[in-house]
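Heads up: the protein sequence lines correspond to chains H and G, in order. Quick note: the first sequence uses this note's numbering, first residue 1, plus one each step. Quick note: the second sequence uses this note's numbering, first residue 1001, plus one each step.
There are 2 protein chains.
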Amino acid sequence: MGTSANDRIWTAALLVIGDEILSGRTQDRNIAQVALWLNLQGIRLAEVRVVADRQEAIVEAVRALAGRNDYLFTTGGIGPTHDDITVDAIAAALDLPVVIHPRAREILEEYYASRGGLNEARLRMARVPEGADLIENRMSGAPGIRIGNIYILAGVPHIAGMMLDSLTGTITGGRRLLSVTVGCWVAESEVADTLSATERAHAACQIGSYPFFRDGRVGANFVVRSTDPAMIEACTSDLSERLELLGHPIIEGGI
Amino acid sequence: MGTSANDRIWTAALLVIGDEILSGRTQDRNIAQVALWLNLQGIRLAEVRVVADRQEAIVEAVRALAGRNDYLFTTGGIGPTHDDITVDAIAAALDLPVVIHPRAREILEEYYASRGGLNEARLRMARVPEGADLIENRMSGAPGIRIGNIYILAGVPHIAGMMLDSLTGTITGGRRLLSVTVGCWVAESEVADTLSATERAHAACQIGSYPFFRDGRVGANFVVRSTDPAMIEACTSDLSERLELLGHPIIEGGI
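Pasting the structure below:
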C-alpha cells in the first residue's frame, strides 16, 4: 500500500469577513457549516479568523492563512455594495490585478435580464483576481470565486452552503476525522484521570470533554476523535468500560 | 473639553479556544455574546481567532492579539480535564510560571465541599499565570482569570456570560459604537450608488448593507454606525430620504 495522499492530514483555514459579525449584529453560522462540510471532504478546519471589512486586515489574514494551510475559504464581502471589498483585498494579497470574468458577466446578464438589467453595481460581482475560476451559485446568480488554493464564498449562510454543495467532491482531501460521542451524568472533574489515562492508552485518538448543566443535573459528553475506525472503536469501548466500572453508566451517542 | 480617553477607539480581540468549534460539533455563541457586551463597555471587537486545543496555536494567537489590542478575551479550555490547556498556554505566551491562586483554591474548596471534595483535577482550576486576578463565576465555582490585558473566560456560553456580567463597568472603554438600522424591500444592487454616496457625505459614519431573501422577496437592511448620535441621525435621515425618493419606502428598525 505505501504512503498515499490519503495518509497525510489536509487542512483548511476559514476567514470570515464582515463588520456585522464583529459588531454582534449577526450570529455567525458559517464556521460550523464550513467545518462540517470540510470534514466530509476529508479536510480538517485548522483555524478561523474573523476580520472587519478593511483591506489591510483581510490582506494580512489571507497571506498568513493561505500560506500554511492546503486551502483557505473566505465568507462575506462579495456583494455589489461599497462595503464588499473581499475581491480587491484578496487580489492585493496575491499581487494580482482585478479583471471582469467573462463567464461571470454572462451569468449576471442572464440572471438580471428579468430583474432590471445589469447595472454598474451588479457588474462588480463579475470582478475576480486575474486567473480565477468561478464557483457555481444556483441561488442568486453572482458566483463564488476560486483563485489558487483560495475559495471565496458568499456571506449569507444558505448561499455559502449552496456554493459548498457545488464544490462537493471536487477538492482533494485525506481520511475523514471520525468521532464517537458517549454521554455520562457525571461531573467531568470526577473522571478527569480516567479520560487522560484512556487517551494516553490510545495514541491515535483524542478525547474531548464537554460538560453541561441540564434539568438541574451536571453531565458531560466525551467525544473520541480519530481517522481510524478500528482505533476509535477500541478507544470508545475502553472509555465506556472504565466509566461504567467507576459506577457511571454511559449513554451511547451522547446526552 | 479637549481630548479625553473617550475620544479614542478602544479595541479588543477574542480568541476562541476549542476543537469542538473547529470540528463543527458546537455552534459558537461566544463571538456574538462578547461582541455585544464589549460594545456596551465602549470597546470595539476588532478581530477574532478560533484555534484548536494546541499550545503553539494558542501562544501564537495570544502574542499577536494581546499586543495590538487594548484587551484580549479568551473563551474555552479552563476546565479540569487533560484537554484544558489555556492557562498553561497563556502563561507560556507571557513567559510566566503557573501557580495555584490561594483565593481560587478557597473558592473551589467551598464549591466542592458538598460535591465530593476537591480532587487533583478540580484543583487544576485554581492554576493561574503568576500575578493573575480572578473573575467571579457565580454559576459553577471555577473562576475566570485576568492577567495584564488578557481576560480568560469559560467556554460554556452561559458561564462566559456570567463572567462578563461580573466584569461590567470595570474595564475602561470609550464612546459606544451606535447603530441604526433601516430596512427596505429592494435589491441592494439597485441602490448601491445611493449607499456609497450617502456614506461619503457623512464622514463619521459607516453604512453596512445586509441583503436577504424572505417570503420569496428580496430585501436588505442598511446599518448606519457611528460613535456620534447627532451624526448617525443625520446620516440615517439622509439615507432614508434618498431611498424614498427612489421609490423605496423604508422600514425603521429594519425588516
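We put the CB at the ideal spot given by N, CA and C, even for glycine.
{"Asked": "Check whether residue 1178(G) and residue 1044(G) have beta carbons under 8 Å apart", "Found": "no"}
{"Asked": "Nearest-angstrom Cβ-Cβ length linking residue 107(H) and residue 143(H), presumed shorter than 8 Å", "Found": "6 Å"}
{"Asked": "Residues that DSSP places opposite residue 15(H) in a beta bridge", "Found": "49(H), 74(H)"}
{"Asked": "For residue 222(H) and residue 1091(G), the rounded distance between their alpha carbons", "Found": "27 Å"}
{"Asked": "Whole-angstrom distance between residue 228(H) and residue 174(H), CA atom to CA atom", "Found": "12 Å"}
{"Asked": "Same chain, Cβ closer than 7 Å to residue 1140(G), neighbours up to 5 away in sequence not counted", "Found": "1159"}
{"Asked": "Residue 1153(G) burial status per 10 Å Cβ neighbour count (16 or more: buried)", "Found": "buried"}
{"Asked": "Exposure of residue 1067(G), with buried meaning 16 or more beta-carbon neighbours within 10 Å", "Found": "exposed"}
{"Asked": "DSSP bridge partner residues for residue 266(H) (one or two, in chain order)", "Found": "Given that chain H is displayed from residue 1 to residue 255, the structure contains no residue 266(H) and the question cannot be resolved."}
{"Asked": "Cα-Cα separation, residue 192(H) to residue 220(H)", "Found": "11 Å"}
{"Asked": "Cα-Cα separation between residue 97(H) and residue 1062(G), rounded to whole angstroms", "Found": "34 Å"}
{"Asked": "Entirely enclosed alpha helix (DSSP H) segments - the stretch 106-163 of chain H, minimum 4 residues", "Found": "120-123"}
{"Asked": "Residues within the stretch 1104-1132 of chain G neighbouring chain H, beta-carbon criterion of under 9 Å", "Found": "1112, 1115, 1116, 1119, 1120, 1121, 1122, 1124, 1125"}
{"Asked": "Cβ neighbour criterion (16 or more within 10 Å) applied to residue 1168(G)", "Found": "exposed"}
{"Asked": "C-alpha distance - residue 1217(G) paired with residue 1187(G), whole-angstrom precision", "Found": "9 Å"}
{"Asked": "Cα-Cα separation, residue 1025(G) to residue 1202(G)", "Found": "43 Å"}
{"Asked": "Inter-stretch contact (C-beta, 8 Å, three-pair minimum) for the stretch 232-245 of chain H and the stretch 1024-1043 of chain G", "Found": "no"}
{"Asked": "Same chain, Cβ closer than 7 Å to residue 1249(G), neighbours up to 5 away in sequence not counted", "Found": "none"}
{"Asked": "Validate contact between the stretch 125-135 of chain H and the stretch 4-18 of chain H using beta carbons, cut 8 Å, 3 pairs", "Found": "no"}
{"Asked": "Identity of the residue in 1019(G), 1017(G), 1016(G), 1031(G) nearest residue 23(H) by Cα", "Found": "1031(G)"}
{"Asked": "Proximal chain G residues relative to residue 21(H), where beta-carbon distance stays under 7 Å", "Found": "1031"}
{"Asked": "Contact belief for residue 1156(G) with residue 102(H) at Cβ below 8 Å, rounded distance in angstroms", "Found": "That pair is no contact at about 51 Å."}
{"Asked": "Test: residue 1226(G) CB closer than 8 Å to a CB of chain H", "Found": "no"}
{"Asked": "Per-residue burial, residue 115(H) [other beta carbons within 10 Å of its own, 16 or more giving buried]", "Found": "exposed"}
{"Asked": "Buried versus exposed, by CB contacts within 10 Å (16 or more), residue 1113(G)", "Found": "exposed"}
{"Asked": "Exposure label - residue 117(H); buried when at least 16 CB within 10 Å", "Found": "exposed"}
{"Asked": "Neighbour flag for residue 1027(G) against chain H, beta carbons, 8 Å", "Found": "yes"}
{"Asked": "Under 7 Å from the C-beta of residue 1166(G): neighbouring residues of chain H", "Found": "Residues of chain H passing the Cβ test: none, with the nearest at roughly 18 Å."}
{"Asked": "Top-ranked residue by Cα proximity to residue 1230(G), from 1028(G), 1205(G), 1080(G)", "Found": "1205(G)"}
{"Asked": "Straight-line gap, residue 1253(G) to residue 1182(G) (C-alpha atoms, nearest Å)", "Found": "5 Å"}
{"Asked": "Residue 72(H) and residue 150(H) closer than 8 Å at C-beta", "Found": "yes"}
{"Asked": "Span separating the alpha-carbon of residue 79(H) from that of residue 49(H)", "Found": "20 Å"}
{"Asked": "Alpha carbon of residue 1225(G) to alpha carbon of residue 1232(G), nearest angstrom", "Found": "7 Å"}
{"Asked": "Assigned exposure category for residue 1040(G) - 16 Cβ within 10 Å defines buried", "Found": "exposed"}
{"Asked": "Residues that DSSP places opposite residue 1211(G) in a beta bridge", "Found": "1220(G)"}
{"Asked": "Cβ separation of residue 17(H) and residue 28(H), assumed to be a contact under 8 Å, to the nearest whole Å", "Found": "With a Cβ gap of about 11 Å, residue 17(H) and residue 28(H) do not count as contacting."}
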